[in-house]
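Each protein sequence line maps, in turn, to chains A and B. First residue of the first sequence: 1, per this note's numbering; consecutive thereafter. First residue of the second sequence: 244, per this note's numbering; consecutive thereafter. Everything below concerns the one structure shown next.
2 protein chains.
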Amino acid sequence: MTQNIYDDETFFAGYSRLPRSVHGLDGAPEWPVLQAMLPALAGKRVLDLGCGFGWFCRFAADEGAAKVLGVDVSEKMLERARRETGDAGVSYERADLESFVPQPGAFDLAYSSLAFHYIADLAALFGRVHAALKPGGALVCSVEHPLLTAPARQEWLADSDGRASWPVNGYLDEGKRVSNWLAEGVVKRHRMIGTYLDLLLGAGFSLTKLTEWGPSPEQVAAEPDWAKERARPYFLLLSARRG
Amino acid sequence: MTQNIYDDETFFAGYSRLPRSVHGLDGAPEWPVLQAMLPALAGKRVLDLGCGFGWFCRFAADEGAAKVLGVDVSEKMLERARRETGDAGVSYERADLESFVPQPGAFDLAYSSLAFHYIADLAALFGRVHAALKPGGALVCSVEHPLLTAPARQEWLADSDGRASWPVNGYLDEGKRVSNWLAEGVVKRHRMIGTYLDLLLGAGFSLTKLTEWGPSPEQVAAEPDWAKERARPYFLLLSARRG
């Protein structure tokens, strides 16, 4: 089973204070780019893997999706998601994505925001997601960019001109990474971009879009503290199609 | 026109002494991985974009390719390529890849090793390459990984544990980069992985493989000086298909 860090009291309290937890999709700076990768949702059946507080499930319902199923391993997150969701077309299910089997051929869109970098057996999950999509269905997802998951220490360094530089090491050595983000001992899985693509193509998907997201110049103008965030991408956004 | 740095005396002399110039494909550590991405060559028509000394053209001929056309902007490289090539099925043409128009629908494979990161208008070149392939034809290529082309200074830093770390900065700011590799003022183009994929998919290709190449553990065991080269990938290898 994947570590269920979201039900850790300290982690949950910290996570609940993040802008994306308070403001939802509008608090997630990568959302406009991820949104642009989505197909039209009206009348569609949508699966959200790692749905958290249900922000995307409610967005999909508001866009006219016919049915939305949100899946998450965290009891605490689903409890809030259920409380804040009024739409009868949205349902939630508690499950570990390592073993969750969505109904085959049932969905037009599988969506996942920042969950897949926790998954140990992503090949198996991509296989089940591929099977759960109708032919022509789409997978749209985000993960931490491998430049974030690779290094042993997530600390900015200065090059010999004093330029803020992100230290990359361990990139080719994939596998478990333990970080202390919001709580001690958060376990993530580092994979290269090439490996994410091997897993997608190997599951039978064709790639439709890959974006290495960092803040736009306009976002940096609005949030000057983010200037150095353009030194390297922060999220990896992917969309793929079941042929 | 792309800068023709290979005809610079100093650059050419330095380049001619590199292991890959002396030993050919066997002197290029990424070659086994790139080779594994190639289709069978027997009876095929092959285009090599940026063919240099013609090592790959001769390899393709040895594998039974029916016709091989090597294209390069460098007079000096083509002069040596012609001198060292005996196979009548191989021909060479001097051209700038920024404007070269290969014959439409004529090739089964377009190959390019470490040339595309010099190209300013890669969208246009990918379009002409797509048109030059037969349906089902393949593009297999390598470029410097964007982690190499991004930073202002290509210098290793140490993190606070002393771990050799590659300094990433400027990754999101694409465009011209001037380096002093073998000669002063070598002009390359930095593009994100996402941009290479946008250009391929936008030209009509479907992605078949993306590899972020660094030396394997076996290669590091044989060349212990390469240990830190596993901190980050060095080359980006791509294969795509014309549908």
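Cβ atoms here follow ideal geometry from the backbone N, Cα and C, with glycine treated the same way.
* From 183(A), 140(A), 202(A) and 218(A), pick the residue whose C-alpha is nearest to that of residue 211(A); which is it? -> The residue with the shortest Cα to Cα distance from residue 211(A) is 140(A).
* To do: Note down, in chain order, every chain A residue with its Cβ under 7 Å from the Cβ of residue 396(B).
  => The contacting residues are 159, 160 and 161.
* By Cβ distance, which residues of its chain are closer than 8 Å to residue 251(B), with the 5 residues on each side in sequence left out? -> For residue 251(B), the CB contacts under 8 Å within the same chain, skipping 5 residues up- and downstream, are 426 in chain order.
* Asked: Alpha carbon to alpha carbon, how far is residue 480(B) from residue 168(A)?
  -> Each residue's alpha carbon lies about 20 Å from the other.
* Does the beta carbon of residue 140(A) come closer than 7 Å to any beta carbon on chain B? -> No - not a single Cβ of chain B is within 7 Å of the one on residue 140(A).
* Under a three-way DSSP split, which group does residue 409(B) fall into? -> Note: residue 409(B) maps to strand in three-state DSSP.
* For the alpha helix (DSSP H) containing residue 253(B), list its first residue and its last residue. => Looking at the DSSP string, the run of the alpha helix (DSSP H) that includes residue 253(B) is 252 to 259.
* Asked: Excluding sequence positions up to five away, which residues of its chain have a Cβ less than 6 Å from the Cβ of residue 214(A)?
  -> These residues qualify, in order along the chain: 229, 230, 233 and 234.
* Asked: Do residue 87(A) and residue 73(A) have their C-beta atoms within less than 7 Å of each other?
  -> For residue 87(A) and residue 73(A), no; Cβs fall outside 7 Å.
* Asked: What span of residues does the beta strand (DSSP E) with residue 110(A) cover, start to end?
  -> Its beta strand (DSSP E) spans residues 107 to 113.
* Asked: Can you name the residues of chain B whose CB is closer than 8 Å to the CB of residue 192(A)?
  -> Residues of chain B passing the Cβ test: 455 and 476.
* Is there at least one Cβ from chain B nearer than 7 Å to residue 166(A)'s Cβ? -> Interface residue, yes.
* Could you spell out where the alpha helix (DSSP H) holding residue 36(A) opens and where it closes? => Unbroken alpha helix (DSSP H) run through residue 36(A): 31 to 36.
* Asked: Which residues share a DSSP beta bridge with residue 315(B)?
  -> In DSSP, residue 315(B) forms a bridge with 337(B).
* Partner residues on chain A for residue 432(B), Cβ-Cβ distance less than 9 Å -> Residues of chain A with a Cβ closer than 9 Å to the Cβ of residue 432(B) do not exist; the shortest Cβ-Cβ separation is about 16 Å.
* To do: For the alpha helix (DSSP H) containing residue 236(A), list its first residue and its last residue.
  => If you look at residue 236(A), you'll find it isn't in any alpha helix (DSSP H); it sits in the beta strand (DSSP E) that goes 235 to 242.
* To do: Over the uninterrupted beta strand (DSSP E) stretch that includes residue 250(A), give me the two end residues.
  => Nothing can be reported for residue 250(A): it is not among the residues displayed for chain A, which extend from 1 to 243.
* To do: Output yes if chain A places a C-beta closer than 7 Å to the C-beta of residue 450(B); else output no.
  => At a cut-off of 7 Å, the C-beta of residue 450(B) has a neighbouring C-beta in chain A.
* Asked: With 16 as the cutoff for other CB atoms within 10 Å, does residue 18(A) come out buried or exposed?
  -> Exposed.
* Asked: Which term fits residue 286(B), buried or exposed, when burial requires 16 or more other beta carbons within 10 angstroms of its beta carbon?
  -> Exposed, by the Cβ-count rule.
* Asked: Smallest Cα separation from residue 364(B): which of 442(B), 271(B) and 374(B)?
  -> Just measuring C-alpha positions, the residue of 442(B), 271(B) and 374(B) sitting nearest residue 364(B) is 442(B).
* Asked: For the 8 Å Cβ check, are there 3 or more pairs between the segment 186 to 205 of chain A and the segment 142 to 149 of chain A?
  -> Taking 8 Å as the limit for Cβ pairs, the verdict is that the segment 142 to 149 of chain A does touch the segment 186 to 205 of chain A.
* To which residues does DSSP link residue 456(B) through a beta bridge? -> DSSP output for residue 456(B) lists 478(B) as bridge partner(s).
* Asked: Closest Cβ-Cβ distance between residue 172(A) and chain B: below 7 Å?
  -> Answer yes: the Cβ-Cβ gap between residue 172(A) and chain B drops below 7 Å somewhere.
* Pairwise C-alpha distance: residue 128(A) and residue 466(B) -> In a straight line, the C-alpha of residue 466(B) is about 41 Å away from that of residue 128(A).
* Asked: Residue ranges of each beta strand (DSSP E) run of no fewer than 3 residues wholly in the segment 130 to 188 of chain A, ordered along the chain?
  -> 133 to 144, 164 to 168 and 175 to 179, all fully within the segment 130 to 188 of chain A.
* Asked: Does DSSP put residue 206(A) in a helix, in a strand, or in coil?
  -> Residue 206(A) sits in a strand when the DSSP states are folded into three classes.
* Sequence-distant residues of its chain with Cβ nearer than 7 Å to residue 343(B) (five each side left out) -> Excluding residues within five positions, the ones whose Cβ falls inside 7 Å are 314.
* Asked: Mind listing which residues of the segment 218 to 233 of chain A have their C-beta closer than 9 Å to chain B's C-betas, in chain order?
  -> When C-beta distances to chain B are compared with 9 Å, the residues of the segment 218 to 233 of chain A below that value are 228, 229, 230, 231, 232 and 233, in chain order.
* residue 169(A) touches chain B at which residues, Cβ-Cβ below 9 Å? -> Ordered by position in chain B, the residues that pass the 9 Å Cβ test against residue 169(A) are 402, 406, 407, 408, 409, 471, 473, 474 and 475.
* To do: Give me the Cα-Cα distance between residue 142(A) and residue 325(B), rounded to the nearest whole angstrom.
  => It is roughly 49 Å from the alpha-carbon of residue 142(A) to the alpha-carbon of residue 325(B).
* To do: Taking residue 12(A) as the reference, give the member of 111(A), 52(A) and 93(A) with the closest Cα.
  => Selected option, being the one with the closest Cα: 52(A).
* **Straight-line gap, residue 373(B) to residue 126(A) (C-alpha atoms, nearest Å)** => C-alpha separation (whole angstroms): 30 Å.
* Asked: With a Cβ-Cβ cutoff of 7 Å, do residue 460(B) and residue 381(B) count as a contact?
  -> Between residue 460(B) and residue 381(B), the gap from beta carbon to beta carbon reaches 7 Å or more.
* For residue 132(A), which option in 144(A), 154(A) and 108(A) has the closest C-alpha, if you only look at C-alpha atoms? -> The shortest C-alpha separation from residue 132(A) is found at 108(A).
* Beta-carbon gap between residue 60(A) and residue 45(A) smaller than 7 Å -> Contact: no.
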